[in-house]
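Novice: Numbering (UniProt numbering), first residue to last: 1 to 239.
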Amino acid sequence: MNAIKQNIQNVKERILSDAQNCGRSPKEIQLLAVSKTRSVKLITEAIQAGQYAFGENYVQEGIEKIHYFSKNRMGNIKPQWHFIGPLQSNKTRSVAEYFDWCHTVDRFKLAERLSAQRPSNLPDLNVLIQVNISKEKTKSGVMLSELFDLASLISPLPKLKLCGLMAIPALIKDYHQQLVVFEEMHSAFLELKKEYPEWDILSLGMTNDMTAAIHAGSTLVRIGEGIFSHFEGKMNETS
1 MNAIKQNIQN VKERILSDAQ NCGRSPKEIQ LLAVSKTRSV KLITEAIQAG
51 QYAFGENYVQ EGIEKIHYFS KNRMGNIKPQ WHFIGPLQSN KTRSVAEYFD
101 WCHTVDRFKL AERLSAQRPS NLPDLNVLIQ VNISKEKTKS GVMLSELFDL
151 ASLISPLPKL KLCGLMAIPA LIKDYHQQLV VFEEMHSAFL ELKKEYPEWD
201 ILSLGMTNDM TAAIHAGSTL VRIGEGIFSH FEGKMNETS
């Protein structure tokens, strides 16, 4: 078994264990491999190991990878591409045209542009509202106090499918403090689900806080370090 495959298996076993420890089904929790800066060679190994959803932080890098795997198909497998980096107005067209998901919508203007720029021949773009749960001045995201109003504005837009919420809390090492923050996000998610029962994505948790995120109710964890951390991440490495 190669190292990438082993790492993915280890992460999935950790998801299984964490889910069982809090009485949840692991089937409720999706794994998103954060592949930013990682080579197509490593992504290919991840695909061969059964991982098909990838998160990219940089628009141009992500598009290059999307083009590569469009030209170098692996049987019937079509990777799913999530944009998870800060979204700027001048990048919305590229995200709308190339990605399957955008996790970082925090302003109506961005959603409006994504809606208008999504090609008519593509399925609706799946979007998440990013919440600044830790109220950090340097971090993107809408404040909880503004979340419900923003959701009501985005939800009717054509060519977008609003699927839930995402947050990247301030770095906290203590499990119990992590849990408090994540549970606040989960409470907001459940409250909004009363209005939007079709929502099914609460994107919380990375390698270092995944356990707390799962215990709090996350349905999608974003793992980069746990899968790719020990490998050279050269974008131009293809062999």
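For glycine and all other residues, C-beta sits at the position ideal for the given N, C-alpha and C.
Alpha carbon to alpha carbon, how far is S239 from L125?
Specialist: In the sequence shown, the residue the question calls residue 239 occupies position 239. In the sequence shown, the residue the question calls residue 125 occupies position 125. Below a pLDDT of 50, predicted positions are generally treated as unreliable, and S239, at 29, falls in that range; the measurement from the model is reported next regardless. One C-alpha to the other measures close to 32 Å.
Novice: With a threshold of 7 Å on Cβ separation, who are the neighbours of R147 within its own chain once the five nearest residues in sequence on each side are excluded?
Specialist: By one-based count along the sequence shown, residue 147 stands at place 147. It should be pointed out that residue 147 corresponds to Leu in this sequence rather than to Arg. Correct list, in chain order: I129, V131 and A188.
Novice: Do three or more CB pairs link the region 182 to 196 to the region 133 to 153 at distances below 8 Å?
Specialist: yes
Novice: Let me check one thing: in DSSP terms, what residues is A53 bridge-paired to?
Specialist: Numbered from 1 along the sequence shown, position 53 holds the residue referred to as residue 53. DSSP, once it has assigned bridges, lists Q80 as partnering A53.
Novice: On the DSSP letters alone, give me the boundaries of the alpha helix (DSSP H) that A170 sits inside.
Specialist: The count along the sequence shown starts at 1 and reaches residue 170 at position 170. Counting along the chain, A170 falls outside any alpha helix (DSSP H), and DSSP gives it neither H nor E.
Novice: Grab the span of the beta strand (DSSP E) containing residue 252 for me, first residue to last.
Specialist: Past the edges of the chain, shown from 1 to 239, lies residue 252, and the structure says nothing about it.
Novice: Quick check: what's the CA-CA separation for I168 versus T219?
Specialist: For this step, residue 168 is matched to residue 168 along the sequence shown. For this step, residue 219 is matched to residue 219 along the sequence shown. Between I168 and T219, the C-alpha separation is close to 14 Å.
Novice: Going straight from the alpha carbon of G205 to that of S120, what length do you get?
Specialist: In the sequence shown, counting from the first residue as 1, residue 205 sits at position 205. In the sequence shown, counting from the first residue as 1, residue 120 sits at position 120. A direct Cα-to-Cα measurement between G205 and S120 gives close to 33 Å.
Novice: Quick one: grab the DSSP three-state call for I4.
Specialist: Translated into positions along the sequence shown, residue 4 becomes position 4. Three-state DSSP puts I4 in a helix.
Novice: How far does the alpha helix (DSSP H) with L150 in it extend, from its first residue to its last?
Specialist: Position 150 of the sequence shown, counting from 1, holds the residue named residue 150. Run containing L150: L144 to I154, per the alpha helix (DSSP H) assignment.
Novice: Using the beta-carbon count (16 or more within 10 Å), is T104 buried or exposed?
Specialist: Position 104 of the sequence shown, counted from the first residue, corresponds to residue 104. T104 comes out buried.
Novice: Using a Cβ-Cβ cutoff of less than 7 Å, which residues in the same chain neighbour A170 once the five nearest sequence positions on both sides are dropped?
Specialist: Position 170 of the sequence shown, counted from the start, is the residue given in the question as residue 170. Excluding positions up to five away in sequence, the list reads S134 and E136.
Novice: Using three-state DSSP, classify L202 as helix, strand or coil.
Specialist: In the sequence shown, the residue the question calls residue 202 occupies position 202. It is a strand residue.
Novice: Under DSSP, the alpha helix (DSSP H) around Q117 begins and ends at which residues?
Specialist: By one-based count along the sequence shown, residue 117 stands at place 117. Unbroken alpha helix (DSSP H) run through Q117: F108 to Q117.
Novice: Looking only at DSSP bridge pairs, what is I63 linked to?
Specialist: Locating residue 63 in the sequence shown gives position 63, counting from the first residue. Looking at the DSSP assignment, I63 forms no beta bridge with any residue, so it has no partner.
Novice: Going by DSSP, which residues form a beta bridge with G164?
Specialist: In the sequence shown, residue 164 corresponds to position 164, counting from 1. Answer is L128 and I201, bridged to G164.
Novice: Grouping DSSP H, G and I as helix and E and B as strand, with all else coil, what is R38?
Specialist: Counting from 1 along the sequence shown, the entry for residue 38 is found at position 38. Looking at R38 - three-state DSSP - the assignment turns out to be coil, as it is neither helix nor strand.
Novice: Smallest Cα separation from L87: which of I227, E56, Q20 and I4?
Specialist: By 1-based counting over the sequence shown, the position of residue 87 is 87. When each option's Cα is compared against that of L87, the closest is E56.
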